[in-house]
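Visitor: Before I ask anything, here is the structure I am working with.
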Amino acid sequence: MSEAVESPDVPSPSVSVGELGESAALQAIFPLLPGAPSTVLGPGDDAAIISLSEAQVVISCDMMMEGPDFRLDWSTPVMVGRKAIASNAADIAAMGAHVVTYEIAVATPAHTPMSTLLDLARGFAQGISELTPEASIAGGDLSRAPVLSLAVTVLGDMRGRAPVTRSGAQPGDVMAVGGPLGLSAAGLRLLLGAGDDSRQIAQLVAENELVHQHLAPQSPIALGPIAAEAGAHAMMDISDGLVLDATRMARASGVDIELDIDTLSTVIAAYPGVTLEDALFGGEDHSFLVAFPSHQSIPEGFTPIGVVTRASAAPEVTVPGRDISHERGGWDPFSPATAT
Numbered sequence: 142m143s144e145a146v147e148s149p150d151v152p153s154p155s156v157s158v159g160e161l162g163e164s165a166a167l168q169a170i171f172p173l174l175p176g177a178p179s180t181v182l183g184p185g186d187d188a189a190i191i192s193l194s195e196a197q198v199v200i201s202c203d204m205m206m207e208g209p210d211f212r213l214d215w216s217t218p219v220m221v222g223r224k225a226i227a228s229n230a231a232d233i234a235a236m237g238a239h240v241v242t243y244e245i246a247v248a249t250p251a252h253t254p255m256s257t258l259l260d261l262a263r264g265f266a267q268g269i270s271e272l273t274p275e276a277s278i279a280g281g282d283l284s285r286a287p288v289l290s291l292a293v294t295v296l297g298d299m300r301g302r303a304p305v306t307r308s309g310a311q312p313g314d315v316m317a318v319g320g321p322l323g324l325s326a327a328g329l330r331l332l333l334g335a336g337d338d339s340r341q342i343a344q345l346v347a348e349n350e351l352v353h354q355h356l357a358p359q360s361p362i363a364l365g366p367i368a369a370e371a372g373a374h375a376m377m378d379i380s381d382g383l384v385l386d387a388t389r390m391a392r393a394s395g396v397d398i399e400l401d402i403d404t405l406s407t408v409i410a411a412y413p414g415v416t417l418e419d420a421l422f423g424g425e426d427h428s429f430l431v432a433f434p435s436h437q438s439i440p441e442g443f444t445p446i447g448v449v450t451r452a453s454a455a456p457e458v459t460v461p462g463r464d465i466s467h468e469r470g471g472w473d474p475f476s477p478a479t480a481t
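So for the sequence shown, this note's numbering puts the first residue at 142; every next one is plus one.
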């Protein structure tokens with residue numbers, strides 16, 4: 142095991158995680174984590190890659206907690222379980238891998254009705270059946286906590302292919318999206334607009350497509366391996382917002398990315414109620430952002446939305462016709478503006 146090296150930019154001990162924000166906190170933590178020869182790709186991408194014998198296993202872990210990540214006055218336990226599967230499966234698919242199995246840990250108050258846990262399990266089963274039907278739940282854990290909390294670890298199989306990371310985008314690549322943009326953010330806005338009106342919330346949950354995408358996302362999991370088979374240079378799950386995640390890809394790849402505002406407007410035109418702001422800065426649709434070689438045919442299910450313009454020592458994402466340089470969009474669990 143290699144020895145961890147402390148980062149030269151360690152934040153002051155008096156700074157809270159909330160003041161620092163998710164990205165900066167993670168960047169401070171990563172250098173402290175020990176590595177190993179078997180770790181092909183560690184923290185910083187959608188999932189880790191571990192080399193075991195002659196095979197590579199893709200691993201990812203994610204948490205969901207009542208309050209910041211879901212509300213039980215909006216979501217049924219079935220929806221919560223399904224959303225946990227969708228968000229984790231998307232990270233594995235974003236590497237071009239196929240989900241093999243899940244390990245799910247649940248912590249909840251002691252007074253939680255058993256029916257809630259049973260419905261949560263039904264949500265897990267529903268998500269697997271719809272999104273990753275070849276996968277299983279291999280185990281997990283159950284413990285006590287002040288609020289309902291989930292921790293999901295998922296393993297994926299590359300099936301002999303090389304993984305597709307977010308660091309492979311090249312100048313000239315076509316940027317494409319597979320799946321919806323902005324639906325979840327628009328659904329969240331509708332729920333927040335309903336305030337404490339339980340009847341309006343119930344109606345939205347039962348009938349509104351945008352709200353359903355927020356509470357139980359329909360992630361196009363199959364498109365991840367399809368993009369890998371088509372020769373994608375780079376790929377990632379759009380979980381925190383298009384601009385934020387495209388910026389992460391740009392920085393990982395050392396390139397500038399330009400998004401086309403007209404194409405994005407066309408993508409969202411099919412969904413009344415979704416704004417360009419939702420598409421650019423909303424998260425949790427769990428669609429895929431992919432950099433395809435310009436000479437490659439783009440697979441069905443993907444829409445071109447931009448281009449990789451150049452290699453860059455100071456990577457950035459631009460949207461001609463709109464200044465996004467001062468806009469802080471996307472999901473950060475420590476930002477009050479993004480808490481649900």
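Think of the CB as a built atom: it goes at the ideal place given N, C-alpha and C, for glycine as much as any other residue. Since this is a predicted model, take the numbers as computed values, not measurements.
What residue range does the beta strand (DSSP E) around Glu370 cover?
Guide: The residue you call residue 370 lines up with position 229 of the sequence shown. Not the beta strand (DSSP E): Glu370 falls in the alpha helix (DSSP H), residues Leu364 to Glu370.
Visitor: Suppose contacts are defined by Cβ-Cβ distances below 9 Å. Is Ala387 in contact with Gly447 by that definition?
Guide: The residue you call residue 387 lines up with position 246 of the sequence shown. The residue you call residue 447 lines up with position 306 of the sequence shown. Contact flag set, yes.
Visitor: Alpha carbon to alpha carbon, how far is Ile465 from Gly323? Give it in angstroms, no decimals.
Guide: One-based indexing of the sequence shown puts residue 323 at position 182. One-based indexing of the sequence shown puts residue 465 at position 324. When rounded, the distance between both Cα atoms is 17 Å.
Visitor: Exposed or buried, which one is Met204 when buried takes at least 16 other CB atoms within 10 Å?
Guide: In the sequence shown, counting from the first residue as 1, residue 204 sits at position 63. Exposed is the call here.
Visitor: Starting from Phe265, follow the alpha helix (DSSP H) in both directions and report where the run begins and ends.
Guide: Position 124 of the sequence shown holds residue 265. Residues Met255 to Leu272.
Visitor: Is it the case that the Cβ atoms of Ala327 and Tyr412 are separated by a distance below 9 Å?
Guide: On the sequence shown, residue 327 is found 186 positions in, with the first residue counted as 1. On the sequence shown, residue 412 is found 271 positions in, with the first residue counted as 1. Contact flag set, yes.
Visitor: Distance check for Arg392 and Leu161, CA to CA, integer angstroms please.
Guide: Counting from 1 along the sequence shown, the entry for residue 161 is found at position 20. Counting from 1 along the sequence shown, the entry for residue 392 is found at position 251. Each residue's Cα considered, the two are about 20 Å apart.
Visitor: Return the bridge partner residues of Gln197 from the DSSP annotation.
Guide: Counting from 1 along the sequence shown, the entry for residue 197 is found at position 56. BP columns for Gln197 point to Ser192.
Visitor: Less than 9 Å separating the beta-carbons of Gly382 and Gly414?
Guide: Taking the first residue of the sequence shown as position 1, residue 382 is located at position 241. Taking the first residue of the sequence shown as position 1, residue 414 is located at position 273. Contact flag unset, no.
Visitor: With a 10 Å radius around its C-beta and 16 neighbouring C-beta atoms as the bar for buried, classify Pro184 as buried or exposed.
Guide: Counting from one through the sequence shown, the residue named residue 184 turns up at place 43. The residue in question, Pro184, is exposed, as its Cβ has fewer than 16 Cβ neighbours within 10 Å.
Visitor: Between which two residues does the alpha helix (DSSP H) harbouring Asp419 extend?
Guide: Looking up residue 419 in the sequence shown gives position 278. It spans Leu417 to Phe422 - the alpha helix (DSSP H) in which Asp419 sits, taken as one unbroken run.
Visitor: According to DSSP, is Ala480 part of a helix, a strand, or is it coil?
Guide: Translated into positions along the sequence shown, residue 480 becomes position 339. In this prediction, Ala480 scores a pLDDT of 49, lower than 50, which makes its location untrustworthy; no coordinate-derived value is stated.
Visitor: Whose C-alpha, out of Leu296, His436 and Ala189, is nearest the C-alpha of Glu244?
Guide: Locating residue 244 in the sequence shown gives position 103, where the first residue counts as 1. Measuring from the Cα of Glu244, the nearest candidate turns out to be Leu296.
Visitor: Would the stretch 208–215 count as touching the stretch 231–251 if we require 3 or more Cβ pairs under 8 Å?
Guide: The stretch 208–215, when compared against the stretch 231–251, does not touch it at the 8 Å Cβ threshold.
Visitor: Report the option in Arg330, Ser164, Asp378 and Asp260 whose CA atom is closest to the CA atom of Ala235.
Guide: Position 94 of the sequence shown, counted from the first residue, corresponds to residue 235. If we check each option's Cα against that of Ala235, Asp378 comes out closest.
Visitor: Name the residue from Val221, Ser308 and Thr180 whose alpha carbon lies nearest to the alpha carbon of Gln267.
Guide: Taking the first residue of the sequence shown as 1, we reach residue 267 at position 126. With distances taken between Cα atoms, Gln267 lies closest to Val221.
Visitor: Could you pull out every residue in the same chain whose Cβ sits closer than 8 Å to the Cβ of Pro361, ignoring the five residues on either side in sequence?
Guide: What you label residue 361 is simply residue 220 of the sequence shown in a count that begins at 1. Hits under 8 Å: Gly319, Gly320, Ser428, Phe429 and Gly442.
Visitor: Give me the residue from Pro434, Pro178, Glu271 and Ser339 with the minimum Cα distance to Ala357.
Guide: By 1-based counting over the sequence shown, the position of residue 357 is 216. That would be Glu271, whose Cα lies nearest to the Cα of Ala357.
Visitor: Hey, out of Leu385, Val346, Val181 and Arg340, whose CA is closest to Phe422's CA?
Guide: If you number the sequence shown from 1, residue 422 lands on position 281. Residue Leu385 is the option with its Cα nearest to Phe422.
Visitor: Go ahead and label Ala196 buried or exposed: buried means 16 or more other beta carbons lie within 10 angstroms of its beta carbon, across all protein chains shown.
Guide: Mapped onto the sequence shown, residue 196 falls at position 55. Exposed, since its Cβ has fewer than 16 Cβ neighbours within 10 Å.
Visitor: Buried or exposed: Asp306, going by 16 or more other Cβ atoms within 10 Å of its Cβ?
Guide: Here residue 306 is taken as the residue at index 165 of the sequence shown, counted from 1. The question names Asp, yet the displayed sequence has Thr at residue 306. By the neighbour-count rule (16 or more Cβ atoms within 10 Å), Thr306 is buried.
Visitor: Quick one: any contact between the stretch 225–242 and the stretch 364–371, if contact means 3 or more CB pairs under 8 Å?
Guide: A contact exists between the stretch 225–242 and the stretch 364–371.
Visitor: Taking 8 Å as the threshold, find out whether the stretch 329–344 comes into contact with the stretch 395–411 through three or more Cβ pairs.
Guide: Contact between the stretch 329–344 and the stretch 395–411 is absent, because fewer than three Cβ pairs lie under 8 Å.
Visitor: Under the rule that 16 or more other beta-carbon atoms within 10 Å means buried, what is His436, buried or exposed?
Guide: In the sequence shown, the residue the question calls residue 436 occupies position 295. Exposed, since its Cβ has fewer than 16 Cβ neighbours within 10 Å.
Visitor: If you compare alpha carbons, which of Arg389, Ala455, Glu457 and Thr459 is closest to Ser164?
Guide: As a working mapping, residue 164 is identified with position 23 in the sequence shown. For Ser164, the nearest C-alpha among the options comes from Arg389.
Visitor: Within 10 Å of its beta-carbon, does Asp186 have 16 or more other beta-carbons around it, so buried, or fewer, so exposed?
Guide: Position 45 of the sequence shown, counting from 1, holds the residue named residue 186. Asp186 comes out buried.
Visitor: Assuming contact is defined by CB atoms lying nearer than 9 Å, are Asp401 and Pro445 in contact in what I supplied?
Guide: Indexing the sequence shown from 1 puts residue 401 at position 260. Indexing the sequence shown from 1 puts residue 445 at position 304. The answer is yes: Cβ separation under 9 Å.
Visitor: Can you give me the Cβ contacts of Asp282 inside the same chain, cut-off strictly under 7 Å, excluding the 5 residues immediately before and after it?
Guide: Against the sequence shown, residue 282 aligns to sequence position 141. The answer, listed in chain order, is Ala246.
Visitor: Going by DSSP, what residues sit across from Tyr412 in a beta bridge?
Guide: Locating residue 412 in the sequence shown gives position 271, counting from the first residue. Tyr412 is not bridged to any residue.
Visitor: From Pro172 to Ile200, what does the alpha carbon distance come to, in whole angstroms?
Guide: Taking the first residue of the sequence shown as position 1, residue 172 is located at position 31. Taking the first residue of the sequence shown as position 1, residue 200 is located at position 59. Computed Cα separation, rounded: 19 Å.
Visitor: Does the beta-carbon of Ser277 have 16 or more other beta-carbons within 10 angstroms, so that it is buried, or is it exposed?
Guide: Looking up residue 277 in the sequence shown gives position 136. It is exposed - the Cβ of Ser277 has fewer than 16 other Cβ atoms within 10 Å.
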